[in-house]
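K.L.:
In the UniProt record's numbering, the protein residues as written are 1 to 319.
#1: On the three-state DSSP scale, how would you describe residue 309?
#2: Go through its chain and collect everything with a Cβ distance to residue 28's Cβ below 8 Å, but skip five positions before and after it.
#3: Identify whether residue 45 lies in helix, strand or coil by the three-state DSSP scheme.
#4: Evaluate residue 271 with the Cβ neighbour count: other Cβ atoms within 10 Å of its Cβ, from every protein chain shown; 16 or more gives buried, anything less gives exposed.
#5: What does a CB cutoff of less than 7 Å around residue 198 pick up in its chain, not counting 5 residues either side in sequence?
#6: Grab me the residues of residue 221's own chain with a C-beta within less than 8 Å of its C-beta, minus the 5 sequence neighbours each way, in chain order.
#7: Nearest to residue 315 by alpha carbon, out of 257, 227, 23?
#8: Where residue 163 and residue 123 are concerned, what is the direct C-alpha to C-alpha distance, given to the nearest angstrom?
#9: Whose C-beta lies closer than 7 Å to the C-beta of residue 106 among residues of the same chain, with five residues either side of it excluded?
#10: Quick check on the DSSP output: the alpha helix (DSSP H) that includes residue 83 runs from which residue to which?
#11: Does residue 109 come out as helix, strand or coil in the three-state DSSP assignment?
#12: Could you tell me whether the Cβ atoms of residue 99 and residue 42 are closer together than 9 Å?
#13: Might you give, ordered along the chain, the residues of its own chain that have their beta carbon closer than 7 Å to the beta carbon of residue 112, omitting 5 neighbours on each side?
#14: Do you know offhand how far residue 165's Cα is from residue 303's?
#15: Closer than 6 Å by C-beta to residue 238: which residues in its own chain qualify, once you throw out the five before and the five after it? Chain order, please.
#16: Take residue 167 and list the residues in its own chain whose beta-carbon comes closer than 7 Å to its own, dropping the five residues that flank it on each side.
#17: Looking at the structure shown, is residue 35 part of a helix, part of a strand, or coil, going by DSSP?
#18: Using three-state DSSP, classify residue 122 as helix, strand or coil.
#19: If you follow the beta strand (DSSP E) that residue 7 is part of, which residue opens it and which one closes it?
#20: Could you give the distance in angstroms between the alpha-carbon of residue 95 and the alpha-carbon of residue 192?
#21: Excluding the 5 residues flanking residue 150 on each side, which residues of the same chain have their C-beta closer than 6 Å to its C-beta?
#22: What does the Cβ neighbour count give for residue 299, buried or exposed, with the cut at 16 atoms within 10 Å?
#23: So residue 89 and residue 49 are in contact, right, with Cβ under 8 Å, and what is the actual spacing, rounded?
#24: Which residue comes first and which comes last in the alpha helix (DSSP H) that contains residue 65?
#25: Report, in whole angstroms, the separation of the C-beta atoms of residue 161 and residue 133, which I expect to be a contact under 8 Å.
#26: Going by Cα to Cα distance, which pick from 102, 282, 32, 58 is closest to residue 69?
#27: Could you spell out the range, first to last residue, of the beta strand (DSSP E) harbouring residue 208?
#28: Using 9 Å as the threshold, is the C-beta distance between residue 280 and residue 51 below it?
#29: Could you check which residue in 186, 145, 235 has the C-alpha nearest to that of residue 7?
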């Protein structure tokens with residue numbers, strides 16, 4: 001079982017759609033290749049960024065299989081309302097040779113019941129015993145996985161090797177203090193774009209799952225590299241990492257809201273990637289003010305980064 005894939009930065013791929021608003025798998029694979037070529041360790045599909053609630057199980061599995069067959073390391077999201085569906089996605093991930101699993105809590109039905117979540121996680125982990133898995137902790141799903149539940153599951157399922165924290169600074173701190181610091185074999189991944197520095201430097205994260213990185217891969221990888229150096233005590237890297245994180249804080253904050261897919265797809269359109277202009281629901285779109293704000297922040301960051309990155313030093317070392 002290879003868990004090295006989690007020691008890096010992974011973009012959460014969005015699902016592009018064709019004019020008839022069905023998945024464009026060719027464009028999905030193209031994006032996957034671009035992300036690996038940029039330096040990402042793997043891609044994540046299909047999490048909330050991939051619009052899993054809007055796709056059928058068959059559509060999601062086809063996307064996973066197409067990415068794997070293209071030679072792209074894929075960490076598969078198991079989000080589902082029904083545990084049976086989540087189990088099917090996990091079993092399919094193992095069958096086709098996915099690199100990892102992102103185990104998402106049970107939603108809606110009994111979502112706040114610890115024992116129900118334990119059984120949900122257990123069923124997923126049992127369905128893919130040879131695939132390294134991380135639990136996805138997020139307030140969006142309405143359930144916080146705590147240390148006792150995590151280690152109860154890990155005692156029975158050695159493929160549970162890590163924790164992805166989406167809840168922000170305080171939750172990352174909890175995971176570091178109570179989960180990853182208890183067992184050196186358990187890894188922590190930052191799951192929110194606004195907490196990369198905090199996660200690497202203060203919490204010992206070894207990787208990150210990113211939304212904004214689909215649009216700004218070079219910049220996000222630079223932030224991760226600077227943060228790793230800062231975590232080793234490099235004073236210049238610490239300053240530069242904090243400057244960079246603050247500079248794209250607005251763009252990164254789109255990751256925290258309900259319109260995250262709409263905003264990040266629009267950033268890709270601003271990059272010239274027209275295959276991301278449409279959404280699966282025709283009425284899902286940013287309003288004019290949101291688009292204008294996104295354009296302003298994107299242009300501001302691009303101008304700032306072009307000037308800031310000329311300074312050399314540790315920036316040049318990490319680019």
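For every residue, glycine included, the Cβ atom is placed at its ideal position computed from N, Cα and C.
Since the model is a prediction, treat every value here as computed from it, not as a measurement.
P.N.:
From the atom records:
#1: helix
#2: 13, 15, 16, 45, 63, 66, 67
#3: coil
#4: exposed
#5: 169, 172
#6: 9, 38, 39, 40, 213
#7: 227
#8: 17 Å
#9: 83, 116, 117, 120
#10: 83 to 96
#11: coil
#12: yes
#13: 142, 143
#14: 31 Å
#15: 230
#16: 137, 138, 139
#17: helix
#18: helix
#19: That residue, residue 7, is in no beta strand (DSSP E); it is neither H nor E in DSSP.
#20: 29 Å
#21: 179
#22: exposed
#23: That belief does not hold up - the Cβ atoms of residue 89 and residue 49 are roughly 16 Å apart, past 8 Å.
#24: 57 to 69
#25: 7 Å
#26: 32
#27: 207 to 210
#28: yes
#29: 186
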